[in-house]
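To convert, count from 1 in the sequence shown and add 77; that's my numbering. Below you'll find the structure, written out as structure tokens, and then a few comments.
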Amino acid sequence: MTIDEQRLASVSAGHPSNFGKYLCNRRQFLLGAVAFGLTPVVAGCTQGRQNTVDPLYQLLASAQSDVAAASSLRSSSAHVNDVITVRKAHIAALQAEISRQEKLWEKPATPSSSAPHTVGSLKKLRRHLTDASQEALTVVASSAGYRAGLAGSIAASCNALAKVVLS
Numbered sequence: 078m079t080i081d082e083q084r085l086a087s088v089s090a091g092h093p094s095n096f097g098k099y100l101c102n103r104r105q106f107l108l109g110a111v112a113f114g115l116t117p118v119v120a121g122c123t124q125g126r127q128n129t130v131d132p133l134y135q136l137l138a139s140a141q142s143d144v145a146a147a148s149s150l151r152s153s154s155a156h157v158n159d160v161i162t163v164r165k166a167h168i169a170a171l172q173a174e175i176s177r178q179e180k181l182w183e184k185p186a187t188p189s190s191s192a193p194h195t196v197g198s199l200k201k202l203r204r205h206l207t208d209a210s211q212e213a214l215t216v217v218a219s220s221a222g223y224r225a226g227l228a229g230s231i232a233a234s235c236n237a238l239a240k241v242v243l244s
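Given below as structure tokens:
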């Protein structure tokens with residue numbers, strides 16, 4: 078039997094003289110667990126107020142503008158109602174997220190203008206939806222977590238509206 082095997086046998090037999098050499102005591106274990114357990118909690122507490130305007134305001138203004146523009150084209154196609162319904166859902170989701178984190182972002186200096194685009198045809202509405210998709214992708218690149226997911230789903234939805242529903 079080697080020396081290491083003898084030491085292991087004495088530790089497993091519960092000899093108090095060798096027990097502390099190989100294993101930590103309960104106090105050391107608990108201190109280590111608390112230290113490692115609190116590290117992510119403390120690291121996650123550093124998010125403060127942003128000194129920029131919330132990028133979701135731009136997406137909100139775009140959605141409001143698209144709804145107003147699509148409303149003027151209701152007689153052109155039955156699919157325009159789908160665009161209105163989806164963009165209204167985007168408005169509701171964006172307003173909920175903006176109000177949820179309003180204390181972390183600056184508000185725009187002037188209220189967002191929801192003046193409708195001058196859309197005379199479905200082709201122009203498709204272009205505006207494609208532009209809205211690109212705006213949302215820009216927000217995805219600069220966001221994280223739920224906000225990035227929300228902007229990503231808006232980008233995909235606008236792209237689908239432009240390329241599938243209105244084509």
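C-beta atoms are modelled at their ideal positions from N, C-alpha and C, and glycine is treated no differently. In this text, all values refer to a predicted model and were calculated from it rather than measured experimentally.
Considering only the alpha carbon of each residue, which of the options lies closest to residue i?
i       : options                               : result
Leu-227 : Ser-244, Val-242 and Ala-173          : Ala-173
Glu-179 : Arg-104, Ser-244, Asn-102 and Asn-128 : Asn-128
Ala-232 : Leu-206, Val-242 and Ser-153          : Leu-206
Cys-235 : Ala-209, Ser-139 and Ser-153          : Ala-209
Lys-240 : Gln-141, His-156, Arg-103 and Asn-102 : His-156
With residue i as the anchor, note down where its alpha helix (DSSP H) starts and where it stops.
i       : result
Thr-207 : 199-219
Arg-177 : 157-177
Ser-142 : 133-148
Arg-224 : 222-237
Decide if residue i is buried, meaning its Cβ has at least 16 other Cβ atoms within 10 Å, or exposed.
i       : result
Glu-183 : exposed
Leu-291 : Here the chain has residues from 78 to 244 only, and residue 291 is not among them.
Leu-137 : buried
Grab me the residues of residue i's own chain with a C-beta within less than 7 Å of its C-beta, minus the 5 sequence neighbours each way, in chain order.
i       : result
Pro-185 : Val-130 and Tyr-134
Assess, as a yes-or-no matter, whether the stretch 143-152 is touched by the stretch 201-211 under the definition of 3 or more beta carbon pairs within less than 8 Å. yes
Examine the Cβ distances between the stretch 154-162 and the stretch 208-217 and report whether three or more of them are shorter than 8 Å. no
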